[in-house]
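Student:
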Ligand code: AOF
Ligand code: ZN
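Residue numbers (this note's numbering): 8 to 366.
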């Protein structure tokens, strides 16, 4: 199961609108007969690929699958049917698939065919691997992870706005890996203008793993230009705009950017809830938010952040620097304990903490 989870994790960011499932097939004799992982764009499913590799070696064998095998038939039989047909005796499932076409029906189909089905081990890891898929199925929006790089005192820039070199090269490479493992990256137009970022994954060998770049356009913020536009050939660019700003986007659309029109909030920006729902409807299962302060604060205020990746440096900037998070208007202390650290480690001279929303 750990191998299957690792396979799934490697495919994160490449399989949307489908989950990144990993599968390991062990033949009756106890040796690994095949591996499979969901294909780019979501098809073929992991089990299909593994079964094709295993040929006729599976009677009496065991399948380890990170997500409950699907029960729905498309052009081909469901994965649950295929596993049973291959003569597999036992299927070990990481976590249940909430997709209404499966949601227990995959396991039931297997059990009905005489296959033993068990859940776990490592169910927590399987849930984490498929959190984006589960979020999209249950809430209709992608899982939202907020990435921040802040000083010891929680500042993301000095009073002059200098922020680019806050964390060291190792933390920055790690952040590029995060980009590769998410379906999309979301920033506000202010950040796009100030930093002129590419928002691509530039790790050696992972150049083709850049996520969809999504920019939230406010009532007055300038439209993206510079690197986001010049790199349109290497990664998609989606613009979230209100009806009011839509007429401004013709040129960018002609250059290949996609424009999603949304209802405006009270400040004339696209409303966050509907914006995320629109991204979910387009198939995105996970987005990583990379700034700036306004969008991070608005997402937190609306309780739309599911996870945090918080890079910390040993620098002290002072209260004249820019705070990572703006005013939230929270007064009662219990309200402020929203996240818990699930993992933390050093990364070069810096630290990284992974936090999840405490349910
Ligand atoms: C599996 N194995 O590797 C994946 C599964 O549009 P379709 O027909 O490809 O079905 C998509 C659904 O299949 C998706 O919502 C999820 O429930 C499941 N994904 N299932 O058995 C896989 N990726
Ligand atoms: Zn399937």
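All residues carry an ideal CB built from backbone N, CA and C; glycine is no exception.
Between residue 88 and the ligand ZN, is the CB less than 7 Å from at least one heavy atom?
Tutor: Outside the cutoff, so no.
Student: Quickly, what does DSSP pair residue 30 with across the bridge? List them, please.
Tutor: For residue 30, which the question treats as bridged, DSSP gives the partners 43 and 72.
Student: Label residue 227 either buried or exposed according to how many other C-beta atoms from any shown protein chain fall within 10 Å of its C-beta, with 16 as the threshold for buried.
Tutor: Classification of residue 227: exposed, given that the 10 Å Cβ count is below 16.
Student: State the start and end residues of the unbroken beta strand (DSSP E) segment that holds residue 154.
Tutor: First-last of the beta strand (DSSP E) with residue 154: 150-157.
Student: Ordered along the chain, which non-local residues of its own chain (more than five positions away) have a Cβ less than 6 Å from that of residue 301?
Tutor: Closer than 6 Å at Cβ, skipping near neighbours: 195.
Student: Can you tell me whether residue 61 is buried or exposed, with buried defined as 16 or more other CB within 10 angstroms of its CB?
Tutor: The residue in question, residue 61, is buried, as its Cβ has 16 or more Cβ neighbours within 10 Å.
Student: Between 250, 150, 177 and 72, which lies nearest to residue 296 when the distance is taken from Cα to Cα?
Tutor: Checked all of 250, 150, 177 and 72; the closest Cα to residue 296 is 150.
Student: Would you call residue 75 buried or exposed, if buried means 16 or more other Cβ atoms sit within 10 Å of its Cβ?
Tutor: It counts as buried.
Student: Looking at the strands, I want to know which residues DSSP matches up with residue 251.
Tutor: Note: residue 251 sits in no beta bridge, so no partner.
Student: Looking at residue 1: is its Cβ nearer than 8 Å to the Cβ of residue 175?
Tutor: Past the edges of the chain, shown from 8 to 366, lies residue 1, and the structure says nothing about it.
Student: For residue 191, which residues from the same chain have a beta carbon less than 8 Å from its beta carbon, with the 5 sequence-adjacent residues on both sides left out?
Tutor: 149, 218, 219, 220, 221, 245, 286, 291, 293, 294 and 295.
Student: Using C-beta distances below 6 Å, list every residue in its chain close to residue 40, excluding the 5 sequence neighbours before and after it, in chain order.
Tutor: 32, 34, 61 and 64, listed in sequence order.
Student: How would you label residue 159, buried or exposed, when you count the other beta carbons within 10 angstroms and need 16 or more for buried?
Tutor: Exposed is the call here.
Student: Distance check for residue 213 and residue 185, CA to CA, integer angstroms please.
Tutor: Their Cα atoms are separated by approximately 11 Å.
Student: Who are residue 221's beta bridge partners in DSSP?
Tutor: Paired residue(s): 193 and 245.
Student: So what's residue 84 in DSSP terms, helix, strand or just coil?
Tutor: Residue 84 falls in the coil class under three-state DSSP.
Student: What whole-angstrom Cβ distance do residue 109 and residue 79 have, given they're in contact under 8 Å?
Tutor: That pair is a contact at about 7 Å.
Student: Check whether the Cβ atoms of residue 91 and residue 114 sit closer than 8 Å, and answer yes or no.
Tutor: It is not a contact, given that the beta carbons lie outside the stated cut-off.
Student: For the alpha helix (DSSP H) holding residue 140, just list the boundary residues, first then last.
Tutor: Residues 138-146.
Student: Can you name, in chain order, every residue of its own chain whose Cβ lies under 8 Å from the Cβ of residue 278, other than the five neighbours on each side?
Tutor: Only 269, 270, 271 and 272 meet the Cβ criterion.
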